[in-house]
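First residue of the sequence shown? That's 16 in this note's numbering, and the numbers climb one at a time after it.
Below is one structure; the comments refer to it alone.
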Amino acid sequence: MSQILGGRTPFDDIYDQPDPRGYFGSLGRFDYRTPHHAQAVFRRLVAARAQSGPVTVVDLCCSYGINAALLNHDLTLADLYARYTLPQIAELDTVELIESDKEFYAARRRDDAVPVVGVDIAAPAIDYALAVGLLDAGFVENLETGAASPALLRAAGPAGLITVTGGASFLTARTFQQLLGAAVEPVWVAAFVLRTGSYRPIADALAEYGLVTEVDPARTVLQRRFTDLDEQRYAIAAVTEAGADPAGKETEGYYHAAVHLSLPPGVTGHPSAR
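Written out as structure tokens, the structure is:
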């Protein structure tokens with residue numbers, strides 16, 4: 016973990032494995048917890064959005080379907096960390112784990128579960144999430160470098176909510192514009208964004224689709240611990256450059272993320288992380 020790309024330690028290899036054991040093992044060492052914070056926020060947004068009809072969620076940078084697992088099942092992130100680090104789970108091959116996970120998730124499926132469409136550039140992660148039933152549709156596509164496929168646009172058309180927890184730093188307006196341009200219903204967007212960068216260009220693009228972005232910069236959530244002092248120095252410098260104060264947040268050893276909610280004017284400030 017000593018090699019840092021753009022100041023941040025890369026974890027790219029954990030998404031190229033056939034199942035999520037490496038994901039939970041690696042990120043668990045650094046107390047990665049954004050999906051935990053997102054779970055309640057996304058559930059509230061889905062419930063509010065469902066008042067006007069069925070809701071499909073599009074989860075960007077979905078990896079192994081973690082957000083879908085927490086949204087649609089009676090589980091916590093701690094439950095998932097515990098499961099995927101069990102000695103008996105470590106002994107299974109991927110085929111055996113997939114069969115076990117199908118039963119595991121099916122037994123915990125919520126009555127209010129909603130369809131989730133996942134988008135990620137990591138094919139193994141998408142394949143796993145589809146195989147165990149976490150995603151209703153999954154697409155291995157990079158909307159930053161290419162046009163969305165017709166199949167993705169069809170699947171995303173009914174979306175009522177777009178979510179992102181772990182990948183906002185790697186996205187631009189291009190990704191959101193393609194999805195919102197294909198929407199047949201008003202779409203809400205919920206993004207957990209690290210304080211090391213600016214969400215403003217994306218928020219400005221979402222405004223072109225009638226969405227107002229709200230964020231309380233004073234209210235942040237812990238993302239994960241820094242891997243080393245070099246990464247912490249990078250984060251402190253980046254947060255300062257972005258015009259925020261790292262004191263009491265990044266100076267304490269963790270990345271912090273702010274929750275950005277982009278909603279139509281009539282529902283601005285409705286369900287939030289507050």
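Heads up, the beta-carbon is just placed ideally off N, CA and C, and yes, glycines get one too.
Can you name, in chain order, every residue of its own chain whose Cβ lies under 6 Å from the Cβ of Pro286, other than the five neighbours on each side?
-> Bear in mind that the predicted position of Pro286 carries a pLDDT of just 47, short of 50, making it unreliable; the figure below should be weighed with that in mind. These residues qualify, in order along the chain: Arg59, Leu60 and Ala63.
DSSP on Phe119, reduced to helix/strand/coil?
-> helix
Is the Cβ-Cβ distance between Leu95 and Phe39 less than 8 Å?
-> yes
Count the C-beta pairs between the segment 167-183 and the segment 69-82 that are closer than 8 Å, then say yes if the count reaches three, no if not.
-> yes
Which word fits Ala206, buried or exposed, when buried means at least 16 other C-beta atoms lie within 10 angstroms of its C-beta?
-> buried
Rank Ile217, Gln238 and Leu237 by C-alpha distance to the C-alpha of Thr228 and give the top, closest one.
-> Ile217
Answer yes or no: do Leu86 and Gln66 have a C-beta to C-beta separation smaller than 8 Å?
-> no
Expressed to the nearest angstrom, what Euclidean distance is found between the alpha-carbon atoms of Leu242 and Val254?
-> Before going further, note that residue 242 is Thr rather than Leu in the sequence given. Their Cα atoms are separated by approximately 17 Å.
For His271, the residue or residues it bridges with in DSSP = Leu237
Would you give the residue range spanned by the alpha helix (DSSP H) that Val61 belongs to?
-> Thr49 to Arg64
Compare the C-alpha of Glu246 against each of Ala170, Tyr270 and Glu256 and name the closest.
-> Tyr270
Compare the C-alpha of Arg36 against each of Thr109, Pro261 and Gly22 and name the closest.
-> Thr109
Which value, in whole angstroms, describes the spacing of the CA atoms of Gly258 and Arg123?
-> 43 Å
What residue from Val202, Arg239, Glu256 and Ala233 has the CA that sits closest to Pro279's CA?
-> Val202
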